[in-house]
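Take 15 as the starting number for the sequence shown in the numbering used here and just add one per residue.
For each residue, glycine too, the CB sits at the ideal point set by N, CA and C.
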Amino acid sequence: MQKGRWIVTKVVAWLVVLLLSMQVVIASENSATVYHGNTKSKIFHHEGCRYFNCSKCKAVFSSRQSAVDSGYRPCRVCKP
């Protein structure tokens, strides 16, 4: 293989990797994060927390800031 052609192949490969990684970042930014708040304790949890689906977690927030503004504090387990 010629040296110039080898360099072009490397550049194209890196561009493909870059484009694929950008798609992953964009997809993760578009996913909606949901928080559940325990109405009794006023603690809110991230969706990965073991307490996310507790029986008293009736409040639903679309952002961390909206939970804090509503008087809830972050869970000490999941630290949202």
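Suppose you measure from the CA of residue 52 to the CA of residue 46; what does that come to, to the nearest Å? For this step, residue 52 is matched to residue 38 along the sequence shown. For this step, residue 46 is matched to residue 32 along the sequence shown. Roughly 20 Å separates the two Cα atoms.
Helix, strand or coil, according to DSSP, for residue 26 in the structure here? As a working mapping, residue 26 is identified with position 12 in the sequence shown. Looking at residue 26 - three-state DSSP - the assignment turns out to be helix.
Counted within 10 angstroms of its Cβ, other Cβ atoms place residue 27 as buried (16 or more) or exposed: For the purposes of this step, residue 27 is taken as the residue at position 13 of the sequence shown. Its Cβ having fewer than 16 others within 10 Å, residue 27 is exposed.
Quick check on residue 23: buried or exposed, where buried means 16 or more other Cβ atoms within 10 Å of its Cβ? Against the sequence shown, residue 23 aligns to sequence position 9. When all chains shown are included, residue 23 counts as exposed.
Does the distance from the CB of residue 94 to the CB of residue 49 come in under 8 Å? Residue 94 sits at position 80 when you count from the first residue of the sequence shown. Residue 49 sits at position 35 when you count from the first residue of the sequence shown. Contact: yes.
Taking the C-alpha atoms as reference points, what is the distance between residue 78 and residue 16? Position 64 of the sequence shown, counting from 1, holds the residue named residue 78. Position 2 of the sequence shown, counting from 1, holds the residue named residue 16. Roughly 55 Å between the two C-alpha positions.
Unbroken alpha helix (DSSP H) run spanning residue 82, endpoints: Position 68 of the sequence shown, counting from 1, holds the residue named residue 82. 78-83 is the extent of the alpha helix (DSSP H) around residue 82.
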